[in-house]
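Okay, so here's the structure we're looking at.
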Amino acid sequence: MSLRVVALLAGCLLLAACNKVNQDNYAQLKPGMHKGEVESLLGGPAECAGALGMSSCTWGDEQRFISVQYAGDKVMMFSGKGLK
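Next up, the structure:
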């Protein structure tokens with residue numbers, strides 16, 4: 393097997409293992425968690441928006457995502473879609 397094929401397979405495995413948008417991580421979310429704890433669990437969010445001390449951050453894409461709503465820096469509520 394060529395080195396290029398081995399590198400491609402290794403890269404695919406790493407990407408699959410790095411996807412933190414899954415049911416196991418969703419189950420670890422709890423109201424009151426600090427934003428830093430959530431980001432340690434899920435990594436940096438794909439997008440965030442907010443105003444007046446409230447914010448909402450999303451990890452993933454339209455088909456599979458976790459969305460977390462914060463009051464200040466603490467989780468208020470969260471939801472997910474397409475998690476396995």
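For the sequence shown, the residue numbers in the numbering used here are 393 to 476.
For every residue, glycine included, the Cβ atom is placed at its ideal position computed from N, Cα and C.
Check, Outcome
"Residue 415, enclosing alpha helix (DSSP H) - first and last residue", "415–420"
"Sub-8 Å separation of residue 475 and residue 414 beta-carbons", "yes"
"Residue 434 burial status per 10 Å Cβ neighbour count (16 or more: buried)", "buried"
"Cβ-Cβ separation, residue 466 to residue 436 (assumed contact under 8 Å), whole Å", "18 Å between Cβ atoms; not a contact."
"Where the alpha helix (DSSP H) through residue 427 begins and ends", "427–434"
"Sub-8 Å separation of residue 462 and residue 422 beta-carbons", "no"
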